[in-house]
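Protein chains in written order, with the numbering used here: chain V, 6 to 339; chain H, 6 to 339; chain D, 6 to 339.
In what follows, a single structure is set out as structure tokens and then discussed.
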């Protein structure tokens, strides 16, 4: 494996293999599997789980990682192409990325989208401008429109809470958040659930429909897997018989990148805060997922987050285990 | 060992065992003892020695560590319970602690007290609110009222500079510092010296007496060990025949948490700066200890710090060795 | 090897040995060579390559590193000697350096010069005030006037691009930069090229001549090696038949430390930006080197940096390989 960029690049069988490896590595530690191997982690956007889980994963396999972010005492990182560098930043990613990658056996890059141009973000233009700078194997640690590590972990989490996932209803719901957040997790989550053959419903207020290309890609995956993908703004319809409520906020999409319009829409949507009432017509064993970080009592009520439906902590732990499998495939001896 | 929270939880014999292990690991490196093991280090308060010595300790034993602090490019960490998270911080410790801990075989947490409510700080309320969030073994890397890693290292340091420690006089002295500092080190140091059966004197200006529960806990330990615990504001009496002068500043305690009153008291106490005169009636081999960081020529005069009495550097080095023993006990194979 | 401070401390044969080891370690990984060994990395000045390459080097050899910089959540680091510490910084390097070093098997220190007093900077006074505080083996990760890790990597890079290096012309050229930069890289580079017996020309505007002691030290090295060292402000003369153009900006030296005078001089020198025209009378295989970070279209034009002459990425990668050899020599088993 040279690239781990999009779960959609892998077949259901290949994903199954990866997760079997993840489970095997959990029960059969291999603390020398990646001895002497180096993973570079470049964070152009903030992180907690990704930062911690990749470092932990490398240590568990006997390798090591190096972390670079512009917050560190480095020279400032310029990302804009073709700029005359007479400002604050003394280093350009055109050098930083290939240099860091040249020290490593693989590089993970996190760079959220700029949320200015939808086509650019859907194509992960900025992210791929960086990956094009190096031949080192790379891992997408969240780009404008993808987050395959999250989706692989979520796939594993679904296997752990529900048997016969393909028959279940999966609701991806927008929630209120004071900020306009990236499309990466909703895009990746939608496609993941569609690949699993689940009955997927995207629940979101008007103005926040996921862009058509994302819906169409997911619908194509659902067709292959025997699942379905629909969307609605009706909470009751969406939650009816749901087995999973996956909560995530994202930016307004009607006029993508228009921050003031987004804020105007969002201002009226404080009631998109998940409380126990949301689950009234869901299945009794319906579980709550969220990729974290979550704003307590803003996105989700505290009693739901701390209650028995929530599986957000084991979901986060699966990040490490899923990534161990990816790293083992990418860096392990053949 | 599942918890390393308070040296008082261990018997003198158990501490002796730990320090024999520390010495053994120093002379007999075991660079694969903790292969594949992960120590998470969560710093909600600043650190130098703790940060560096724990990472070094894990490397020496073949494992690795992950460091998380709110200064990093993470999402901001909210610590207040029950808050509606509509402010800057996007992540709550209620998720952050169990998630980070779930990646690790043990977690070390540093969180100084808020110094608002004495009873809360004496009970380490905030610290234990965090440790209650995870079943992962944990290490207290300094809470409101404890610092067992420092005390274990100090115990070792005492063994190295004085034979027959139990017969010696140990002076824990307040010193001037421009800021109001936590009670953790004085509390832990007092108890450690009492456990060793030393003649312990707490030397401090009026208004800075250590809280009664701390004195009583130490007196109980002294009773068991055959030592004694007294306090005074009289420098000459305190230092008479002293073998150890352990210097540490702390917050005013008469009206704990009243910052302006603390500053008023402190303003008059600039002469609580340790110089060579302090040692005039101490034993000639009296040594100077300090947990560091130390403000030169404010807490302690430069010539004393750089002179032959000072053992602050080997004392700091013992942090690593003591912690190696704790980590080996906590994470090593049985 | 106890000290790696100056490439001039080593003979050409010893450097050859180090680089043979570097090549050997690249083709024959030794992921347990430094098991359990700790490298401390103290950054008092910013870094990207040094930070990343040393960490990667230690991981590749099976050891680990600890990184400390004042930007981290530590207590603030005071560097001024003899100061009364009643300000912001709570910790002095007089404790920090020996403590950090005591946790490690070797310590790397980066501390740029203050650029106030030329004699102090030429003697690396501040840097050696720190190394004098510890007996731990140390590595100069860039001081006021030296950067031996860069020079060792550059030596290796020259071997890779040109056969018979000793016959070639090496031009070290000043370039425009909005800031007044340290002398470390030009000083170390000049001496390295002189040691190799190359025909070295320093090309710089008036007011930016390298200080006489640096030129004389390089001339002495050239005498030994059969090379030569000259300087000029004439671009065409300098580049005539050049095989290497090594670009680096540095501070004005006529009135060293006079920042406003430096800025006055510099303001007129925007045309010291390397473009393809500079190479018009160089050899067709003339290569561009730069230690990075580089300000695109300010120091060097984008098309040159991205063009076939540029070897800045492999040059940066050699940092890791060269340092692996140094670390193996310093910390490996005999």
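Ideal Cβ placement from N, Cα and C applies to all residues, glycine included.
- C-alpha of residue 226 of chain H to C-alpha of residue 200 of chain H: approximately 5 Å in a straight line.
- Within the region 74–87 of chain D, 76, 77, 78, 79, 80, 81, 82, 83 and 87 place their CB atoms closer than 9 Å to a CB of chain H, listed in sequence order.
- For residue 113 of chain V, there is no enclosing alpha helix (DSSP H); the enclosing beta strand (DSSP E) covers residues 111–115.
- Nearest in C-alpha terms to residue 217 of chain D, of all of D:67, D:259 and D:71, is D:259.
- Taking each of V:263, V:261 and V:207 in turn and checking the Cα distance to residue 237 of chain V, the smallest one comes out for V:207.
- Under the three-state reduction of DSSP output, residue 261 of chain V falls in the coil class, being neither helix nor strand.
- In the structure shown, residue 13 of chain H falls within a helical segment according to DSSP collapsed to helix, strand and coil.
- Taking the Cα positions, residue 249 of chain V is about 42 Å away from residue 86 of chain V.
- Straight-line measurement puts the Cα of residue 25 of chain V at about 37 Å from the Cα of residue 146 of chain H.
- Around residue 61 of chain H, the beta-carbon contacts reaching into chain D at under 7 Å are 43, 71, 108 and 109.
- Contacts with chain H (Cβ-Cβ distance below 8 Å) from the region 92–126 of chain D involve 95, 96, 97, 99, 100, 101, 103, 104, 105, 107, 108 and 109, listed in chain order.
- For chain D, the residues of the region 303–319 of chain H that bring a beta carbon within less than 9 Å of one of its beta carbons are 303, 304, 307, 310, 311, 317, 318 and 319, in chain order.
- Remark: C-beta atoms of residue 153 of chain D and residue 100 of chain V do not approach each other more closely than 9 Å.
- At a cut-off of 9 Å between C-beta atoms, residue 321 of chain D counts as an interface residue with respect to chain V.
- At a Cβ-Cβ threshold of 9 Å, residue 127 of chain H and residue 12 of chain H do not count as neighbours.
- Bounds of the alpha helix (DSSP H) holding residue 221 of chain V are 217–230.
- Between the alpha carbons of residue 46 of chain V and residue 64 of chain V lies a distance of about 14 Å.
- Interface annotation for the region 176–198 of chain H against chain D: 183, criterion Cβ-Cβ distance under 7 Å.
- Per DSSP, reduced to three states, the secondary structure at residue 69 of chain D is strand.
- Rounded to whole angstroms, the Cβ separation of residue 123 of chain V and residue 212 of chain V is 14 Å, and the two are not in contact under 8 Å.
- Here residue 334 of chain H is not bridged, per DSSP, to any residue.
- About 5 Å separates the beta carbon of residue 180 of chain V from that of residue 254 of chain V, a gap short enough to meet the 8 Å contact definition.
- The continuous stretches of beta strand (DSSP E) do not include residue 308 of chain V, which lies in the alpha helix (DSSP H) extending over residues 307–310.
- With at least 16 other beta carbons inside 10 angstroms of its own, residue 83 of chain H counts as buried.
- In this chain, residue 123 of chain V is not harboured by any beta strand (DSSP E); it is covered by the alpha helix (DSSP H) spanning 123–127.
- Between residue 111 of chain H and residue 149 of chain H, the C-beta spacing is not below 9 Å.
- Per the coordinates, the alpha-carbon of residue 296 of chain V lies some 46 Å from the alpha-carbon of residue 21 of chain H.
- Cβ neighbours of residue 246 of chain D within its own chain (closer than 8 Å, five residues either side excluded): 174, 286, 287 and 288.
- Comparing C-alpha distances from residue 234 of chain D to each of D:265, D:76 and D:202 shows the shortest one belongs to D:202.
- Rounded to the nearest whole angstrom, the CA to CA distance from residue 157 of chain D to residue 18 of chain V is 49 Å.
- By the rule that beta-carbons nearer than 9 Å mark a contact, residue 57 of chain D touches chain V.
- When Cβ pairs closer than 8 Å are counted between the two stretches, the region 69–76 of chain D is seen not to touch the region 268–282 of chain H, the count staying below three.
- Leaving aside the five residues that flank residue 267 of chain V on each side, the residues in its chain whose CB is nearer than 7 Å to its CB run, in chain order, 185, 256 and 257.
- Its chain contains 179 as the residues whose beta carbon lies nearer than 6 Å to that of residue 209 of chain V, once the 5 sequence neighbours on both sides are disregarded; these appear in chain order.
- Under the three-state reduction of DSSP, residue 181 of chain D is assigned to coil, being neither helix nor strand.
- Interface residue (Cβ-Cβ distance to chain V less than 9 Å): residue 297 of chain D is classified as such.
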